[in-house]
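Scroll down for the structure; my scribbles are underneath it.
Protein chains: 2
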Amino acid sequence: MNIAAYLAERSKLVDAALDLYTDPARPRREGPRLATAPAHIVEAMRYSLMAGGKRLRPVMVIAAAELFGAPAEQVMPAACALEMIHTYSLIHDDLPCMDDDDLRRGRPTNHKVYGEAVATLAGDSLLTLAFELLGRQALVEGVNPARAARVVAEVAGAAGAAGMVGGQILDLAWEGKGAPAEQLRQIHRLKTGALFSVSLRAGALLAGATDADLACLEAYADHFGLAFQIQDDVLDVVGDAAKTGKGVGRDVKHDKSTYVSLYGLDGARDMARQEVAAAIASLTPFGERACYLVKLARFVVDREG
Amino acid sequence: MNIAAYLAERSKLVDAALDLYTDPARPRREGPRLATAPAHIVEAMRYSLMAGGKRLRPVMVIAAAELFGAPAEQVMPAACALEMIHTYSLIHDDLPCMDDDDLRRGRPTNHKVYGEAVATLAGDSLLTLAFELLGRQALVEGVNPARAARVVAEVAGAAGAAGMVGGQILDLAWEGKGAPAEQLRQIHRLKTGALFSVSLRAGALLAGATDADLACLEAYADHFGLAFQIQDDVLDVVGDAAKTGKGVGRDVKHDKSTYVSLYGLDGARDMARQEVAAAIASLTPFGERACYLVKLARFVVDREG
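Just so you know, the protein sequences line up as chains A and B, in that order. Note that numbering that gives the first Met the number 0 numbers the first sequence so that position 19 is 18, with each residue one more than the last. Note that numbering that gives the first Met the number 0 numbers the second sequence so that position 303 is 302, with each residue one more than the last.
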C-alpha cells in the first residue's frame, strides 16, 4: 500500500472513532458520555475536531502500535486523544489574545463562529476529553493498565508547560523579535515535536514496546518533527491556501523567524531532506516492519498542505 | 481533632506537595519535571496555585482515602491534581471573555498580572499537569494501576463538557437572564458539584472502596455541593471581602440568579442547613470512621470565607 492510501484508510478509522466518541447519544459503557453536556459546547468541540486535517498524530499512534503487532482498534482511544489535544491547541492558539487568526483548516476559526468564551471552553473540553479517553484506554482488551497510566503521564508531560504549551509561550515571547536558529529549534521541538514524539511512544507503549524500541522512535520523531516544521515554513511561502487550509504568509504577518527566513528557500529544502534521511536511518533496527513510518517521513516533505 | 485543625494539617501537606510538584528543580524520578518549561509560565502557574485557598478538594480526596484506610501520602498526586484543576478553572473563568474578574483569593487575577495569553496558557498547563499527576498516581506503592486509570477517566469526565466546563457554559448562557431554580441547581451540580463528588470518589477508589461505598459518598457530595453553593451565595451578600478573598456583590454585578435572590437570605440559610443534614445522613453506613466528612459538611455552612 502506498502512503497516501495508508493515510486515507487509517484516518478514516480515526474520523469514525472521533465522531463516535463525541456523539452525545452514545451509550456510556462504550465510552465518554456527553449526553449531559450542553449541546452548544459539544457543537463547538465538534466544529473544530471534525473539520478534517491530516490526522497525522493519531495515524502515528496507530503506525507505532502496528509496528509492534497491535491492531489500530486497540489504541484508538489514545489515537483520538492525541488528535483532540492537537485540536485544542489550535483553538487556543488562534484566539485573539494569542495568534489572532481567522482561518483554520479552510474554515473560520472557532472563536469567529462561537465567540471567545465558548472557544476557550471548547478547547478546555477537548483537552479534558482526551484524558478521559486515555484513562479509558486501560479498559481495552490486551492493554496493560500500568502501561495505560504511563501513557497518560507521558502525554500530559508532552502537552504541558515542559512541552507543547511551553513552545507556545516561547513562540509568543519571540514574536516580532526574530528568534535565532537555536531558539527556533527549541520552540518547534516543544511546540510540535513533543506531541509527534509522544504519539509514537503512546502507540508503542500500549503495544508492548521495550525501552530500546522507544529510543529509536524518539530519534525518528525528533528528525521527523524538524522536517515537518521546515516544510510548514516552506509552504507558508510557496503553498496554496486552498491546500494548506490556512492563510499563506502568516509568518511574515506575525514577523516570525522561520527556516526560510534563516536559510532561504533552497537551504530550508535541503535541511528538510537531510532530516528525513536521518529520521529514516533511526528506523534501521526495525527493518521492513517500519515501512509506513519510512514512507510517512518522505511524505511529510513531499506534501502540499 | 476539630475540623479547623484537621483542615489546617491536611492543607499544609497539600501546600508542600503542590510546591514540590511545580518546582522546576525537582528531579524527574520524583515527579513531573518542569525544568525545561519556560520560567515565565511556571511563575504564572504558581502565582494562582500557591495563592492559598481552602484546599477543599484535595482535603476531600485525602479524607475519603483515610476513610478506607489509606494514608494521605498515598493519594497526594490525585489530591494535588484536583486542586490544579480547580485553579485552572478559576483562571479561565476570570478571563475578560468570561466573568471578567479582577480579584481572586485576595490578589489580582492571573490575567491582570500576566496578560490574557499567558493566563490562558497557565490554565491549560495546570489542567495538563493535573493529568500528569493522575497518571503518575499509578506508580505509588499500594495503588492498583487499573484503579488509577479509572480515576483519570472519572476526573476527566467530571471536569469536562459533561461536568465542570458544561456548568460554566450554562452559567454564561443564563447570565443576565435570571436562571430559574431548576436550572440554577443544574449549573451548580455541574460547575462545582461534579468536582467535589469526583474528589471523594478519587480518594475512595485509590484506597480500595467498593461501589456501594462510592454510592454513599456520591449522595454526600450532592448535598454537600448544594450546601456549599448556597453558602457561597450567602457570603456574596453578607460576606467580608477580606475573608472571602474576592469582591462582594459579584452576583448582583453579573445579574446572576442565586439562592438568595430566589429564596431570600433566611430561606437560603434554611436550605443550606437541610442539605448539610442530608449530607451527614448519607454517611451513616460508615459510622464513626466518617467523622471528618461529617464535620466538613457542618464547617461548610459555618465558614466565613
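Cβ coordinates follow ideal geometry from the N, Cα and C atoms, glycine included.
Please confirm if the segment 256-263 of chain B is in contact with the segment 171-186 of chain B, defined as three or more CB-CB distances below 8 Å between the two stretches.
At 8 Å Cβ cutoff, the stretches touch.
With a cut-off of 8 Å, does the C-beta of A/Leu126 fall near any C-beta of chain B?
Within the first sequence, the letter at position 127 stands for residue 126 of chain A. Yes, because at least one Cβ of chain B sits closer than 8 Å to the Cβ of A/Leu126.
Are the beta-carbon atoms of A/Met59 and A/Leu204 separated by less than 8 Å?
Counted from its first residue, the first sequence places residue 59 of chain A at position 60. Counted from its first residue, the first sequence places residue 204 of chain A at position 205. For A/Met59 and A/Leu204, no; Cβs fall outside 8 Å.
Closer than 7 Å by beta-carbon distance: list the chain A residues that pair up with B/Ala147, in chain order.
In the second sequence, counting from the first residue as 1, residue 147 of chain B sits at position 148. Going along chain A in sequence order, the residues near B/Ala147 (Cβ under 7 Å) are Ala148.
Would A/Glu217 pass as an interface residue toward chain B - the criterion being a Cβ-Cβ separation below 8 Å?
The residue labelled residue 217 of chain A in the question sits at position 218 within the first sequence. Output row for A/Glu217: interface = no.
Check whether chain B comes within 8 Å of A/Ile40, counting only Cβ atoms and requiring the distance to be less than that.
For the purposes of this step, residue 40 of chain A is taken as the residue at position 41 of the first sequence. So yes, A/Ile40 belongs to the interface.
Can the beta-carbon of A/Ser196 be found closer than 8 Å to that of A/Ala226?
Position 197 of the first sequence, counted from the first residue, corresponds to residue 196 of chain A. Position 227 of the first sequence, counted from the first residue, corresponds to residue 226 of chain A. Their beta carbons are not under 8 Å apart, which means A/Ser196 does not touch A/Ala226 by this criterion.
Between which residues of its own chain and B/Pro57 is the CB-CB distance below 7 Å, once the five residues before and five after are set aside?
For the purposes of this step, residue 57 of chain B is taken as the residue at position 58 of the second sequence. For B/Pro57, where only same-chain residues beyond five positions count, the Cβ hits under 7 Å are Val13, Ala78, Cys79, Leu81 and Glu82.
Quick check on the burial criterion: 16 or more other C-beta atoms within 10 angstroms. Buried or exposed for B/Glu131?
On the second sequence, position 132 is the one that residue 131 of chain B refers to. Buried: at least 16 other Cβ atoms inside 10 Å.
For the alpha helix (DSSP H) that B/Gly286 lies in, which residues bound it at each end?
Locating residue 286 of chain B in the second sequence gives position 287, where the first residue counts as 1. Boundaries cannot be given for B/Gly286, as no alpha helix (DSSP H) includes it and DSSP labels it neither H nor E.
Is DSSP giving B/Pro107 helix, strand or coil here?
On the second sequence, position 108 is the one that residue 107 of chain B refers to. Reduced to three states, the DSSP call for B/Pro107 is strand.
So, does the CB of B/Asp93 fall closer than 8 Å to a CB anywhere in chain A?
Position 94 of the second sequence, counted from the start, is the residue given in the question as residue 93 of chain B. Closer than 8 Å: no.
Considering only residues of the segment 184-238 of chain B, which uninterrupted alpha helix (DSSP H) runs meet the minimum length of 4 residues and lie entirely inside it, listed in chain order?
193-205 and 210-237
DSSP state of B/Leu33 mapped onto helix, strand, coil
The sequence position of residue 33 of chain B within the second sequence is 34, counting from 1. Note: B/Leu33 maps to coil in three-state DSSP.
May I have the straight-line CA-CA distance separating A/Ser124 from B/Gln182, to the nearest angstrom?
Translated into the one-based positions of the first sequence, residue 124 of chain A becomes position 125. Translated into the one-based positions of the second sequence, residue 182 of chain B becomes position 183. Going from the Cα of A/Ser124 to the Cα of B/Gln182 covers about 21 Å.
Following the continuous alpha helix (DSSP H) through B/Met83, name the residue where it begins and the one where it ends.
Stepping through the second sequence from its first residue, residue 83 of chain B is reached at position 84. Looking at the DSSP string, the run of the alpha helix (DSSP H) that includes B/Met83 is Met75 to Asp93.
Mark A/Val237 as exposed unless 16 or more other C-beta atoms lie within 10 angstroms of its C-beta, in which case mark it buried.
Here residue 237 of chain A is taken as the residue at index 238 of the first sequence, counted from 1. Per the 10 Å Cβ criterion, exposed.
Using a Cβ-Cβ cut-off of 8 Å, state whether A/Ile168 counts as contacting chain B.
Here the question's residue 168 of chain A lines up with position 169 in the first sequence. Answer yes: the Cβ-Cβ gap between A/Ile168 and chain B drops below 8 Å somewhere.
Amino acids of chain B, ordered along the chain, whose beta-carbon sits closer than 7 Å to that of A/Ala116:
Indexing the first sequence from 1 puts residue 116 of chain A at position 117. Residues of chain B passing the Cβ test: Cys96, Met97 and Leu171.
Cα-Cα separation between A/Ala16 and B/Ser260, rounded to whole angstroms
For the purposes of this step, residue 16 of chain A is taken as residue 17 along the first sequence, with counting starting at 1. For the purposes of this step, residue 260 of chain B is taken as residue 261 along the second sequence, with counting starting at 1. When rounded, the distance between both Cα atoms is 45 Å.
Flag this pair as yes or no: are the beta carbons of A/Gln165 and B/Ile40 separated by less than 8 Å?
Along the first sequence, read from residue 1 onward, the residue named residue 165 of chain A stands at position 166. Along the second sequence, read from residue 1 onward, the residue named residue 40 of chain B stands at position 41. Inspection of the sequence shows that residue 165 of chain A is occupied by Gly rather than by Gln. Their beta carbons are under 8 Å apart, which means A/Gly165 touches B/Ile40 by this criterion.
Sorted by chain position, which residues of the same chain lie with C-beta nearer than 7 Å to A/Leu282's C-beta, five sequence neighbours on each side aside?
In the first sequence, counting from the first residue as 1, residue 282 of chain A sits at position 283. Same-chain partners within the cutoff: Cys215, Tyr219, Ala289, Leu292 and Val293.
Alpha-carbon to alpha-carbon, A/Tyr113 and B/Gly263:
If you number the second sequence from 1, residue 263 of chain B lands on position 264. If you number the first sequence from 1, residue 113 of chain A lands on position 114. Answer to the nearest angstrom: the Cα atoms are 36 Å apart.
What residues in the segment 73-89 of chain B have a beta carbon less than 7 Å from any beta carbon of chain A?
none
Taking all protein chains shown into account, decide if A/Asp99 is buried (16 or more other Cβ within 10 angstroms of its Cβ) or exposed.
To locate residue 99 of chain A, count along the first sequence from 1; it is residue 100. It counts as exposed.
State the Cα-Cα distance for the pair B/Glu140 and B/Gly175, rounded to the nearest angstrom.
For this step, residue 140 of chain B is matched to residue 141 along the second sequence. For this step, residue 175 of chain B is matched to residue 176 along the second sequence. B/Glu140 and B/Gly175 have their C-alpha atoms spaced approximately 50 Å apart.
Compare the beta carbon distance of B/Ala160 and A/Met44 with 8 Å and say whether it is the shorter of the two.
In the second sequence, residue 160 of chain B corresponds to position 161, counting from 1. In the first sequence, residue 44 of chain A corresponds to position 45, counting from 1. Contact: yes.
Which bits of chain B does A/Glu131 rub up against, with CB to CB less than 8 Å?
Counted from its first residue, the first sequence places residue 131 of chain A at position 132. Within chain B, the residues near A/Glu131 are Val151, Ala152, Ala155, Gly156 and Gly159.
What residue range is occupied by the uninterrupted alpha helix (DSSP H) comprising B/Val154?
Working through the second sequence from its first residue, we reach residue 154 of chain B at position 155. B/Val154 -> alpha helix (DSSP H) spans Pro144 to Ala158.
For A/Asp92, which residues in the same chain have their Cβ closer than 7 Å to its Cβ, ignoring the five residues on either side in sequence?
Sequence index remark: in the first sequence, residue 92 of chain A carries index 93 (1-based). Correct list, in chain order: Asp98 and Gln167.
Within 8 Å (strictly less), CB to CB, does B/Pro363 reach chain A?
Because chain B in this structure spans residues 0 to 304, residue 363 of chain B falls outside the shown range and cannot be described.
Excluding the 5 residues preceding and the 5 following B/Gly134 in the sequence, name in chain order all residues of the same chain whose CB lies nearer than 7 Å to its CB.
To locate residue 134 of chain B, count along the second sequence from 1; it is residue 135. Only residues of its own chain outside the window of five on either side were considered, and among them Val151 have a CB closer than 7 Å to the CB of B/Gly134, listed in chain order.
Closest residue to A/Gly51 among A/Leu89, A/Ala129 and A/Leu66 (Cα-Cα distance):
Walking along the first sequence from the start, residue 51 of chain A turns up at place 52. Nearest of A/Leu89, A/Ala129 and A/Leu66 to A/Gly51, Cα basis: A/Leu89.
Taking C-beta to C-beta, are B/Val300 and B/Gln230 nearer than 8 Å?
Here residue 300 of chain B corresponds to residue number 301 of the second sequence, with the count starting at 1. Here residue 230 of chain B corresponds to residue number 231 of the second sequence, with the count starting at 1. Yes. Within cutoff.
According to DSSP, what are the bridge partners of B/Leu102?
Start at 1 with the first residue of the second sequence, and residue 102 of chain B comes out as number 103. Paired residue(s): B/Pro107.
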